[in-house]
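Peer 1: One structure, as C-alpha cells, below. Some questions next.
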Amino acid sequence: MSIDFTIVWAFIIAFAVFVYVVMDGFDLGLGMLFPLFPQKADRDVIMNSVAPVWDGNETWLVLGGGGLMAAFPLAYAVLMPALYTPMIAMLLGLVFRGVAFEFRWRTQSERNLWDIAFYGGSLLATLAQGVALGAILQGVHVEGRNYAGGWWDWLTPFSVLTGLALVVGYSLLGATWLVMKTEGELRDRAYVLSWWLLFAMLGAIGAVSAATPFLHIEYTQRWFSWPGIVLTAPVPVAVAAVTVLLLRSLARKRDYQPFFLTLTLFALSYAGLGISMWPYIVPQSITIWQAASPENSQVFMLFGVAVMIPLILGYTGWAYYVFRGKVKAGSGYH
12 MSIDFTIVWA FIIAFAVFVY VVMDGFDLGL GMLFPLFPQK ADRDVIMNSV APVWDGNETW
72 LVLGGGGLMA AFPLAYAVLM PALYTPMIAM LLGLVFRGVA FEFRWRTQSE RNLWDIAFYG
132 GSLLATLAQG VALGAILQGV HVEGRNYAGG WWDWLTPFSV LTGLALVVGY SLLGATWLVM
192 KTEGELRDRA YVLSWWLLFA MLGAIGAVSA ATPFLHIEYT QRWFSWPGIV LTAPVPVAVA
252 AVTVLLLRSL ARKRDYQPFF LTLTLFALSY AGLGISMWPY IVPQSITIWQ AASPENSQVF
312 MLFGVAVMIP LILGYTGWAY YVFRGKVKAG SGYH
C-alpha cells in the first residue's frame, strides 16, 4: 500500500498549528488578563509562571508557517495575500509582547508602560489569529491559482466573531494556567475568572458553531447530512462531557485538572474545524492535493521533520518538567 505523503503533511501542519495554539495560547491569555491583576507582586508572579517557556512555545508557529510554505506552496501563495493585514498585525503584537516581557524587568519608572504593551500586544496577536481563522473558514476569492479578492475581504462579522471567540478561549487558558501554577489569593481570583470565562467560551463555541454551517452549503451537508453526521455528532457530545468535568474540577478546586480539560475543549473545537474543512486547505477552492508540492519534495522534507519534531517535543517537555510546580512570590525571572 502506497503512502499518501500529502495527507501526512496535512496532519503535520495541523499538528504544529494546534500545538502552537494551545501552548502560546495560555501565555497570550495571561497577557490579556494583566489588567485584572493591578498589583505589581501579582503581575510579577504571572510573568514568572511563564518566563521559562513562553518564547519556546512560538517555535511551533514557525514550523506551521514554514511547513505550509514548503509542503503546500499554492495554499501559501493564495492565503498570504488574503491575510496580509491580520498576519502583519499578529506579528506586530507578538513583537510588542516579547519586547515588553523583557523590558518591564529592566525599568521601574516605565514598567506600567511596558505592562500596557504586554497586554496590548497579546490582545492584538490573539484578535488577529482569530480573525484570520474566520477569514479562512468563510473562504477566499480564488481565480485560477491566484487570490482575486480585495484588501479588506478578511474583515466580516464572522471573522470578528471568531476573533472575539479566540480572545475568550485564550483568556480561559491563561486563567486555568494561573490556577495550576499559583497559590493563595492569586489562585483564588484565577478560579473566579475561570468560572466566568468558561461560560463565555461555551457561548463563543456555540455562536461560532451555529454560524459556520451557514457560510457554505458544504459545511451544512458535512455536519447535518448522512454519512458526515456520523463523524460530527460525537463532537458536541464530547464538548458537553468535558464541560461537565471542567465545571466539577473548578467546583472541587482540583488545581491541575481545569487547564488540561480546557486544552481538551480546544482539541475538540479544532477537530470540528478539521471536519468542516477537509479535504480543502483553502475552503471550497483548493484541496490539499491541488496545493501540494511534488512528492519528492515532501519525502525529502520528511527527513528533517522526523528529526526536528521529536527534538522540539523533547526540549519543550524537559523545560516544562524542570519548571513544574507552583510559582511563589519573590522567586523566578528578574
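The sequence shown begins at 12 in the working numbering and counts up by one. Where a beta carbon is used, it is the ideal one built from N, C-alpha and C, also for glycine.
Taking the alpha helix (DSSP H) that GLY267 falls in, what are its first and last residues?
Peer 2: Here residue 267 is taken as the residue at index 256 of the sequence shown, counted from 1. The sequence given here has Tyr at residue 267, not Gly. Unbroken run through TYR267: none, as it is neither H nor E.
Peer 1: Flag this pair as yes or no: are the beta carbons of ALA27 and TRP71 separated by less than 8 angstroms?
Peer 2: Locating residue 27 in the sequence shown gives position 16, counting from the first residue. Locating residue 71 in the sequence shown gives position 60, counting from the first residue. Yes.
Peer 1: Tell me the residue span of the alpha helix (DSSP H) that contains ILE292.
Peer 2: Stepping through the sequence shown from its first residue, residue 292 is reached at position 281. Taken as a continuous stretch (DSSP letters only), ILE292 belongs to no alpha helix (DSSP H), being part of the beta strand (DSSP E) at 291-293.
Peer 1: Could you spell out where the alpha helix (DSSP H) holding GLY185 opens and where it closes?
Peer 2: Walking along the sequence shown from the start, residue 185 turns up at place 174. That run of the alpha helix (DSSP H) goes 168-192.
Peer 1: So ASP66 is in the alpha helix (DSSP H); what residue range does that whole segment cover?
Peer 2: As a position in the sequence shown, residue 66 is number 55, starting the count at 1. Per DSSP, ASP66 belongs to the alpha helix (DSSP H) from 65-68.
Peer 1: Identify which residue in VAL248, VAL333, LEU213, ILE292 has its Cα closest to the Cα of ILE24.
Peer 2: One-based indexing of the sequence shown puts residue 24 at position 13. When each option's Cα is compared against that of ILE24, the closest is ILE292.
Peer 1: May I have the straight-line CA-CA distance separating LEU261 from THR137, to the nearest angstrom?
Peer 2: Along the sequence shown, one-based indexing puts residue 261 at 250. Along the sequence shown, one-based indexing puts residue 137 at 126. Taking the straight line joining both Cα atoms gives about 25 angstroms.
Peer 1: By the 10 Å Cβ neighbour count, where 16 or more other Cβ atoms means buried, how is GLN232 classified, buried or exposed?
Peer 2: Residue 232 sits at position 221 when you count from the first residue of the sequence shown. Label assigned to GLN232: exposed.
Peer 1: From which residue to which residue does the alpha helix (DSSP H) around ALA136 run?
Peer 2: For the purposes of this step, residue 136 is taken as the residue at position 125 of the sequence shown. Note, ALA136: alpha helix (DSSP H), 122-149.
Peer 1: With a Cβ-Cβ cutoff of 8 angstroms, do LYS337 and THR193 count as a contact?
Peer 2: On the sequence shown, position 326 is the one that residue 337 refers to. On the sequence shown, position 182 is the one that residue 193 refers to. Yes.
Peer 1: Quick one: what does DSSP say VAL19 is sitting in, helix, strand or coil?
Peer 2: Here residue 19 is taken as the residue at index 8 of the sequence shown, counted from 1. Note: VAL19 maps to helix in three-state DSSP.
Peer 1: Cβ of VAL310 within 8 angstroms of Cβ of PHE22?
Peer 2: Residue 310 sits at position 299 when you count from the first residue of the sequence shown. Residue 22 sits at position 11 when you count from the first residue of the sequence shown. For VAL310 and PHE22, no; Cβs fall outside 8 angstroms.
Peer 1: At which residues does the alpha helix (DSSP H) containing ARG200 begin and terminate?
Peer 2: The residue given as residue 200 occupies position 189 in the sequence shown. Per DSSP, ARG200 is one residue of the alpha helix (DSSP H) stretching across 195-222.
Peer 1: How long is the line joining the alpha carbons of LEU220 and PRO247, rounded to whole angstroms?
Peer 2: For the purposes of this step, residue 220 is taken as residue 209 along the sequence shown, with counting starting at 1. For the purposes of this step, residue 247 is taken as residue 236 along the sequence shown, with counting starting at 1. The identity of residue 220 in the sequence shown is Ser, whereas the question assumes Leu. Here the alpha carbon of SER220 sits roughly 10 angstroms from the alpha carbon of PRO247.
Peer 1: Can you tell me the Cβ-Cβ gap for LEU97 and ALA139, rounded? I've got them flagged as a contact below 8 angstroms.
Peer 2: Residue numbering aside, residue 97 sits at position 86 when the sequence shown is read from its first letter. Residue numbering aside, residue 139 sits at position 128 when the sequence shown is read from its first letter. In the sequence as displayed, the identity of residue 97 is Pro instead of Leu. At roughly 4 angstroms, the Cβ-Cβ gap stays under 8 angstroms, so PRO97 and ALA139 are in contact.
Peer 1: Here's the rule I'm using: 16 or more other beta-carbon atoms within 10 Å means buried, otherwise exposed. How should HIS345 be labelled?
Peer 2: On the sequence shown, position 334 is the one that residue 345 refers to. In this prediction, HIS345 has a pLDDT of 46, which is less than 50 and means its spatial position is unreliable; nothing more can be read from the coordinates.
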